[in-house]
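**Q** So the sequence shown is numbered by this note's numbering: it starts at -7 and just counts up by one. Every residue gets a Cβ at the ideal spot worked out from N, C-alpha and C, and that includes glycine. Sharing a structure, written as structure tokens. Questions coming.
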Amino acid sequence: MNENLERPLVELETSKGKVILELFEDEAPNTVANFVQLIESGFYDGLKFHRVIEGFMAQGGCPTGTGTGGPGHKIKCECGAPDAKKHSQGAISMAHAGKNTGGSQFFITFAPTSHLDGVHTVFGKVIEGMEAIDNLNITDRGEKPDSITKATVTRKRDHDYSVEKI
């Protein structure tokens, strides 16, 4: 059996359409567990893509919509592992204000961004609906932010997704 078929999947319903994410649980297990728990609690529903920079990335997951909020906890970076994934087009990665300060904010890359490899934890990739991400309003031009209407875990492995918080 192909191990990729067992990777968790997430559906983001956005104001620009549906996006399907495949999560890299083997490479970033704690980051994936954190994301799964937050989704299942409804944390991301209604949140905005508050920072969208043309040709670079779209960032969301801030409950205040300012880029300064989080879930009330932090997790360790998992970007230094030998099998850490790279920032290719459509990568979903943990945003943070410094090493080991990630919580709920994430970004999805519009293009490869190798300068972020080893700095931010890539924990998944867009496998369907990249056009919805590509069409998000560019907030650094003053456009109104698009939102995540609903986030749903559509497939996960059969175990507890407990998070190691710091």
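Please state whether the Cβ-Cβ distance between R149 and E(-2) is less than 8 Å.
**A** To locate residue 149, count along the sequence shown from 1; it is residue 157. To locate residue -2, count along the sequence shown from 1; it is residue 6. Yes; because the gap between Cβ atoms is below 8 Å, this pair is in contact.
**Q** Rounded C-beta distance between T146 and I31? I'm assuming under 8 Å.
**A** Counted from its first residue, the sequence shown places residue 146 at position 154. Counted from its first residue, the sequence shown places residue 31 at position 39. Wrong, their Cβ atoms sit about 10 Å apart, outside the cutoff.
**Q** Classify E17: buried if its beta carbon has 16 or more other beta carbons within 10 angstroms, exposed otherwise.
**A** Counting from one through the sequence shown, the residue named residue 17 turns up at place 25. Burial call: buried.
**Q** Out of G116, G94 and E123, point me to the one whose CA is closest to K158's CA.
**A** As a working note, residue 158 is residue 166 in the sequence shown. One detail in the question is off: residue 158 reads as Ile in this sequence, not Lys. Of the listed residues, the one whose Cα sits closest to I158 is G94.
**Q** Using C-beta distances below 7 Å, list every residue in its chain close to A124, excluding the 5 sequence neighbours before and after it, in chain order.
**A** Along the sequence shown, one-based indexing puts residue 124 at 132. Around A124: T6, K8, G9, K10 and V11.
**Q** Please return the same chain residues whose Cβ sits closer than 8 Å to the Cβ of F102, not counting the five positions on each side in sequence.
**A** Stepping through the sequence shown from its first residue, residue 102 is reached at position 110. Excluding positions up to five away in sequence, the list reads E46, G47, F48, M49, A50, Q81, I125 and D126.
**Q** For D75, which residues of its own chain have a beta-carbon under 8 Å away from its beta-carbon, when the five flanking residues on both sides are left out?
**A** In the sequence shown, the residue the question calls residue 75 occupies position 83. The beta carbon of D75 is closer than 8 Å to those of D18 and E19 in its chain, skipping five residues each way along the sequence.
**Q** When we look at the beta-carbon of G53 and count the other beta-carbons within 10 Å, is it buried (16 or more) or exposed?
**A** Reading the sequence shown from its first residue, position 61 is the one you call residue 53. With 16 or more other Cβ atoms within 10 Å, it is buried.
**Q** Beta-carbon within less than 6 Å of E(-5)'s beta-carbon, same chain only, minus the 5 sequence neighbours each way: which residues are those?
**A** Walking along the sequence shown from the start, residue -5 turns up at place 3. Below a pLDDT of 50, predicted positions are generally treated as unreliable, and E(-5), at 49, falls in that range; no measurement from the model is reported.
**Q** CA-CA distance, G121 and L4?
**A** What you label residue 121 is simply residue 129 of the sequence shown in a count that begins at 1. What you label residue 4 is simply residue 12 of the sequence shown in a count that begins at 1. Rounded to whole angstroms, G121 to L4 spans 9 Å at the Cα level.
**Q** Could you tell me which residues DSSP puts in a beta bridge with G52?
**A** For the purposes of this step, residue 52 is taken as residue 60 along the sequence shown, with counting starting at 1. Looking at the DSSP assignment, G52 forms a beta bridge with F98.
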